[in-house]
Amino acid sequence: AEACKSVDYAFKKCVSGFMYAEIKYDGERVQVHKQGNKFMYFSRSLKPVMPHKVNHFKEYIPKAFPFGEDLILDAEVLMIDTKTGNPLPFGTLGIHK
1 AEACKSVDYA FKKCVSGFMY AEIKYDGERV QVHKQGNKFM YFSRSLKPVM
51 PHKVNHFKEY IPKAFPFGED LILDAEVLMI DTKTGNPLPF GTLGIHK
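All letters in the sequence shown, in the order written, are residues 1 to 97 by full-length UniProt numbering.
Structure representation (structure tokens):
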């Protein structure tokens with residue numbers, strides 16, 4: 001693997017002519033540790049995440065993982081504008097209360 005300095009170069013490296021790309025959203029990384037009904041949330045540096053950023057997760061994680069009694073999720077948390085459906089700027093989660 002090597003870095004491609006241009007889109008043209010990337011297509012030259014892709015012999016099949018097919019390429020897949022995805023949008024990179026810039027959210028906040030959060031690790032969710034769940035043991036039974038106990039939840040803990042950590043940042044990228046394993047520091048505790050402020051409760052106001054993640055309080056609503058407790059409601060949705062058991063629904064998403066109904067058989068996940070003990071689990072660790074490593075996630076990128078992105079806030080979405082509910083009126084437009086557009087992602088909100090990086091850092092929005094930090095000021096959300």
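In this text, a Cβ means the ideal position worked out from N, Cα and C, and glycines have one as well.
Cut-off 7 Å between Cβ atoms - residues of its own chain near residue i, not counting five sequence neighbours on either side
{"i": "Val54", "result": "Val30 and Tyr41"}
{"i": "Tyr60", "result": "none"}
Identified DSSP bridge partners for residue i
{"i": "Tyr41", "result": "Val32"}
Proximity winner among the options, relative to residue i (alpha-carbon distances)
{"i": "Glu76", "options": "Ala10, Thr82 and Lys24", "result": "Lys24"}
{"i": "Tyr20", "options": "Gly27, Asp26, Val7 and Glu28", "result": "Val7"}
{"i": "Glu69", "options": "Lys34, Asn86 and Ile80", "result": "Lys34"}
{"i": "Ser45", "options": "Pro89, Asp74 and Val15", "result": "Asp74"}
{"i": "Pro66", "options": "Ala1, Asn37 and Lys12", "result": "Asn37"}
Cβ pair residue i, residue j closer than 8 Å
{"i": "Lys63", "j": "Phe39", "result": "no"}
{"i": "Pro89", "j": "Leu78", "result": "no"}
Near the ligand COA: residue i beta-carbon under 7 Å from a heavy atom
{"i": "Glu76", "result": "Ligands in the displayed structure: none, and consequently the ligand COA is not present."}
C-alpha gap between residue i and residue j, whole angstroms
{"i": "Gly91", "j": "Leu71", "result": "26 Å"}
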